[in-house]
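Residue numbering for the sequence shown follows my numbering, starting at 1349 and increasing by one per position. Ideal Cβ positions, reconstructed from N, Cα and C, are used throughout, including at glycine. Only a predicted model underlies this, so the values are computations on that prediction, with no experimental measurement involved. Only one structure is covered here, and it is reproduced in the block below.
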Amino acid sequence: MSGPRRLAAAPPFRLGAVVLSHGWFQPAPFAWDGEAERLERVEMLPDGPARLRVVPAAGAVGVEVAADRALSGAERAEVARRVRRMLQLDVDVAGFYAALGHEPELAED
C-alpha cells in the first residue's frame, strides 16, 4: 500500500464507533478488521478499481491505496470526497456527545 493520506475529522471522531454504528460495513465491498481497526473497500474509479484501506489517525483517518494502483490527482480528490462522505467526517457531533453526558448509560467511556 502507498503511504496514507490524512483526512481531518470533526471531533470527537472514532473510526471504530462510526463503522460499527451501522451494518453497512458488513457486506462486500467492505471488510472490517476490528482488531487492527481497519476498514477496507474497493472503489470503482475513472481509471479502474482501487482497494482502499482506512485507518484511524489522531483527529483524522488515514487513507491508503494498494501499491499496484497509482491514482491520478483527480482520483485522489474523488477518493477523499467519497471517504469524507462515507464516514461523515465533516459532521459535528460534539453537541450530541454533550447531550449524552446527561444520560449515564449512554455517556462515552
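Residue i (DSSP reduced to helix, strand or coil)
i       : result
Leu1355 : strand
Val1367 : helix
Gly1410 : strand
Phe1373 : helix
Residue j beta carbon less than 8 angstroms from that of residue i
i       : j       : result
Glu1383 : Gly1364 : no
Val1402 : Leu1387 : yes
Rounded C-alpha distance that separates residue i from residue j
i       : j       : result
Gly1443 : Met1434 : 21 angstroms
Val1439 : Asp1416 : 33 angstroms
Met1392 : Gly1421 : 15 angstroms
Ala1425 : Val1413 : 13 angstroms
Ala1408 : Ala1398 : 21 angstroms
Val1462 : Gly1371 : Here the chain has residues from 1349 to 1457 only, and residue 1462 is not among them.
Ala1447 : Gly1396 : 44 angstroms
Val1390 : Leu1368 : 19 angstroms
Ala1357 : Pro1394 : 26 angstroms
Pro1352 : Glu1423 : 15 angstroms
Next on the checklist: If contact is defined by three or more beta carbon pairs under 8 angstroms, each pair taking one atom from either stretch, is the segment 1423-1430 in contact with the segment 1374-1381?
Outcome noted: no
Item to check | Residue ranges of each alpha helix (DSSP H) within the segment 1380-1438, 4 or longer | outcome: 1421-1435
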